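Protein chains in written order, with this note's numbering: chain A, 1 to 208; chain B, 209 to 416.
Where is the CB? At the ideal position from N, CA and C, for every residue including glycine.
These numbers come from a predicted model, not from an experiment.
What follows is a single structure, written as structure tokens, with notes after it.
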């Protein structure tokens with residue numbers, strides 16, 4: 001059965017982003033090294049190397065048919081769109097290659113990109129967006145791309161089936177903490193797998 | 209030079225204790241397995257086995273000359289002492305074997321126990337207590353025994369030199385979170401070591 005998954009890298013103190021997120025620093029201050037493991041794993045994969053991080057990276061990417069993300073993950077613009085110039089952080093060919101639903105109160109026309117990614121802007125309830133995402137995913141899984149607030153919404157509602165946390169060896173102390181504001185949501189999950197590479201620790205939380 | 213150290217086991221979501229801490233459940237609800245790694249390591253050590261957890265357990269215990277703890281770690285009694293019957297969670301021969309300073313507004317006479325542990329109850333400022341602890345430790349290190357609030361006080365003040373976090377593979381969602389209420393305190397630290405055993409992940413945070 002199709003699953004709703006999410007994969008986020010957090011600091012040792014639980015943050016997905018530091019303070020002062022902005023266009024020049026999408027993840028804010030103090031977390032420059034947060035995703036180093038991922039870039040290294042992408043390079044390793046390209047070089048034909050294997051390893052724990054390469055395996056988890058592959059796993060996080062495989063069998064995905066749709067993505068849901070928050071508006072703040074799509075871009076740094078807050079409030080109404082001034083124009084439609086902003087097309088995401090990812091250039092003309094975003095790495096999704098499938099439909100991406102962007103949760104926002106500020107609607108825009110669908111935005112088709114190269115490589116099969118189309119951004120759909122929606123202000124529908126999160127359950128409704130998920131239903132549409134499962135439909136277009138056509139049997140594959142759906143992922144929450146981020147950010148923290150969007151993952152929290154879906155965790156609160158108990159809708160995420162599998163949460164892959166990558167814990168990076170840094171502390172930031174301030175910013176967006178992932179496992180906050182989720183009420184008793186997390187109590188429906190158990191840690192089913194923990195594996196550490198030299199770079200990071202991978203933990204899989206699975207809905208009971 | 210003598211260091212101030214602390215060693216705490218936290219859940220994957222950062223809690224040292226769950227909700228509803230009480231005499232029958234000193235660490236509250238939902239965290240029964242939090243310290244399983246430690247009991248297993250103690251048993252392994254007794255059986256002469258080695259391993260990552262045994263090594264880190266030994267490291268957490270060695271070269272300690274004094275302990276500082278919060279009153280809630282000493283016992284479940286809140287507010288003024290009704291009597292002096294409560295002598296800590298640890299029986300007649302507590303595992304400290306050195307002076308233990310208990311931070312509390314409710315003073316009591318010194319409480320000498322078997323095996324070299326004496327509990328000193330103090331309402332002095334935390335810096336002053338630390339100074340006294342270093343004096344009696346006589347060249348050895350001092351540890352903050354816990355709980356979270358006491359560690360937070362010392363972290364906020366930037367007084368902890370080395371924080372050993374043991375991350376256990378469970379989530380609890382509520383209770384006492386260690387790395388909260390520390391302002392910018394944590395930004396003075398860097399993660400200098402991360403090692404995972406099959407049971408837990410050990411992370412060492414060192415003051416810059």
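How is the beta strand (DSSP E) around residue 224 (chain B) delimited, first residue to last?
-> 223-225
Taking only the alpha-carbon atoms, compute the straight-line gap between residue 311 (chain B) and residue 123 (chain A) and give it to the nearest angstrom.
-> 52 Å
Contacts of residue 395 (chain B) in chain A (Cβ-Cβ under 9 Å) | 30, 171, 172, 173 and 174
Coil, strand or helix - residue 172 (chain A) by DSSP | coil
Please specify which runs of the beta strand (DSSP E), each continuous and at least 3 residues long, are wholly inside the region 273-351 of chain B, giving them in chain order.
-> 307-311 and 326-330
Straight-line gap, residue 271 (chain B) to residue 347 (chain B) (C-alpha atoms, nearest Å) = 9 Å
In or out: residue 381 (chain B) buried (at least 16 other Cβ within 10 Å) or exposed?
-> buried
Locate the alpha helix (DSSP H) running through residue 363 (chain B), then write down its first and last residues.
-> 356-364
Spatial neighbours of residue 277 (chain B) in its chain, beta-carbon cut-off 8 Å, leaving aside the 5 residues before and after = 308, 309, 310, 311, 352, 353, 354, 355 and 358
Rounded to whole angstroms, what's the CA-CA distance from residue 379 (chain B) to residue 221 (chain B)? Just pull it up for me.
-> 6 Å
Does the count of Cβ pairs from the region 398-416 of chain B and the region 366-379 of chain B closer than 8 Å reach three?
-> yes
Going by CA-CA distance only, name the one from A:61, A:65, A:159 and A:86 that's closest to residue 71 (chain A).
-> A:86
Give me the Cβ distance between residue 273 (chain B) and residue 345 (chain B), rounded to the nearest whole Å; I'm assuming they're in contact under 8 Å.
-> 3 Å
Contact set between residue 409 (chain B) and chain A, taken where Cβ atoms lie within less than 8 Å = 167, 194, 196 and 201
Going straight from the alpha carbon of residue 84 (chain A) to that of residue 47 (chain A), what length do you get?
-> 37 Å
Along the alpha helix (DSSP H) that carries residue 57 (chain A), what are the first and last residues, could you check?
-> 52-61
Could you check the C-alpha separation between residue 402 (chain B) and residue 182 (chain A) for me, to the nearest Å?
-> 28 Å
Could you please tell me which residues of the region 220-234 of chain B, in chain order, have their CB closer than 7 Å to any CB of chain A?
-> 220, 221 and 222
Which residue from A:39, A:121, A:4 and A:116 puts its Cα closest to that of residue 95 (chain A)?
-> A:116
Applying the criterion that 16 or more other CB atoms from any shown protein chain within 10 Å of the CB defines a buried residue, is residue 153 (chain A) buried or exposed?
-> buried
By the 10 Å Cβ neighbour count, where 16 or more other Cβ atoms means buried, how is residue 20 (chain A) classified, buried or exposed?
-> exposed
For residue 145 (chain A), which of helix, strand or coil comes out of DSSP?
-> strand
C-beta neighbour in chain A for residue 359 (chain B), strict 7 Å | no
Supposed contact pair residue 93 (chain A) and residue 73 (chain A) - C-beta distance, whole angstroms, cut 8 Å | That belief does not hold up - the Cβ atoms of residue 73 (chain A) and residue 93 (chain A) are roughly 18 Å apart, past 8 Å.
Grab the span of the beta strand (DSSP E) containing residue 190 (chain A) for me, first residue to last.
-> 189-196
Taking residue 405 (chain B) as the reference, give the member of B:314, B:263 and B:211 with the closest Cα.
-> B:263
Using a Cβ-Cβ distance under 7 Å, would residue 191 (chain A) count as near chain B?
-> yes
Residue 306 (chain B) versus residue 315 (chain B) - alpha carbon distance = 19 Å
Are residue 211 (chain B) and residue 370 (chain B) close, meaning C-beta to C-beta below 7 Å?
-> yes
Can residue 386 (chain B) and residue 217 (chain B) be called in contact, C-beta distance under 7 Å?
-> no
Residue 213 (chain B) lies in the beta strand (DSSP E); which residues open and close that run?
-> 212-219
What number of angstroms, rounded off, separates the C-alpha of residue 235 (chain B) from the C-alpha of residue 109 (chain A)?
-> 52 Å
Amino acids of chain B, ordered along the chain, whose beta-carbon sits closer than 8 Å to that of residue 184 (chain A) = 381 and 382
Give me the Cα-Cα distance between residue 180 (chain A) and residue 334 (chain B), rounded to the nearest whole angstrom.
-> 29 Å
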